[in-house]
Each structure stands twice: as structure tokens, then as C-alpha cells.
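The structure under discussion appears below in the form of C-alpha cells.
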Amino acid sequence: MNQSLETLHTGIIVSAKKGYPILLSGSIVFFLFTFLPFLFPMNIVYLIWIFGLGIIFPLGLVLSKLLGINLLTNTNPLGTLGGIIAASQAFYIPVFIIVYQHIPEYLPFTIGLLGGSHFLGYVWIYKSKAYLFVTLGVCLSSFIIGGFFINHAFTLVPLAISLVYAISVLQALREINNN
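Note that the sequence shown covers residues 1 to 179 in this note's numbering.
Have a look at this one:
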């Protein structure tokens, strides 16, 4: 049975609750990243930035289960599209590794810009300004802080990203409640 695009949008918005558990997970993880330079030597912090980001999606799934939200819908093609958009980040890992090898100070800049940009497709999938905010907020804060205040990038960029994600969660919840 063919469903209209509007029906598909509504279905994914309702079942996945605009995917806000992933944003919540990102907010938690990046908040924790803020404290890494105070706990570990920088060569370890660099590696945690590259590989520790892999915890965001599984933590988001756990949070979605706890909240009774179905993030992994396989009956809606827009859910499949969302998965494809999310999976595209795997292609960023070689970029992160090369940055780590040559200019590790730019990891917050690079990870923030690339990671933040992947949310742009969710603006359309979820019909959500929260995802436009997270895209622009993460990219701009990573660019400005990570590009021009490099000495503070490993504390200020994750703090900024955490705040942007948290605000996006609140914005997504407001959008859900207004529909």
C-alpha cells in the first residue's frame, strides 16, 4: 500500500519523536568530553574524540528504549533514509584519523563541522527547525571556537556542542507538543 509523503512524515515524527534521544545522548557525551583534558593526557583525549563518539548512537538507542520511543522503524522509508544519513558518518572516520595524525589540535573543529553537518537531512525528515539549529549551532561553534581558539578547543567546543544539542532537545520536544 502506498502512503503519501505527508503520512510518512507524520508517522516517523510520531514514532521516533523526532529522534530527540540521539540529541540527548550527544548532549551527554559531549558534556563529558568537556572534562577529558582535565583527566587524561592529550594523546588519549585525541583518541577518545575519534572513537568515543561511537557511543552516541548506542546510548541514544538505550535512552529511546527507556523513554518508549521507536528510533529504528523499518516500516517507514523515511526511517531508512534517516539510517542512511546517520551511516554516512562512517566515511568521516578516515578524515578524523588523518587529522589526528597530522594536526590533532583540529579534531574538535573537524569532528564538529562534519558531525554537525550530517543533521541537515533531518530538518526535512522530521520537519524540524531543531535540526536546523543543531546543524548551524554545532558547525558554527566548532568553526569559530575550534578554528580560532585552538588552545581551548577541547574544552569549549564540546561544551558548546553539548549546549546546542540540549537546546535542540528542548526545541524538538516543543515541536512535538505543538503538533
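From the three backbone atoms N, C-alpha and C, an ideal C-beta is built for every residue, glycine too.
Since the structure is predicted, the reported quantities are computational estimates derived from the model, not experimental observations.
DSSP places H9 in the uninterrupted alpha helix (DSSP H) bounded by 5-16. Counting C-beta pairs with one atom in each stretch, the region 163-177 and the region 22-30 have three or more that are closer than 8 angstroms, which means they touch.
Non-local C-beta neighbours of F143 in its own chain, meaning closer than 8 angstroms and more than five positions away in sequence, comprise F109, G112, L113, ordered along the chain. Counting C-beta pairs closer than 8 angstroms gives fewer than three between the region 95-105 and the region 13-20, which falls short of the contact rule. The C-alpha of I44 lies about 12 angstroms from the C-alpha of F33. Inclusion of V138 and V164 in the CB contact set at 8 angstroms is warranted, their separation being smaller than that value. Taking C-beta separations shorter than 8 angstroms and ignoring five residues to either side along the sequence, the partners of H152 in its chain run I145, following chain order.
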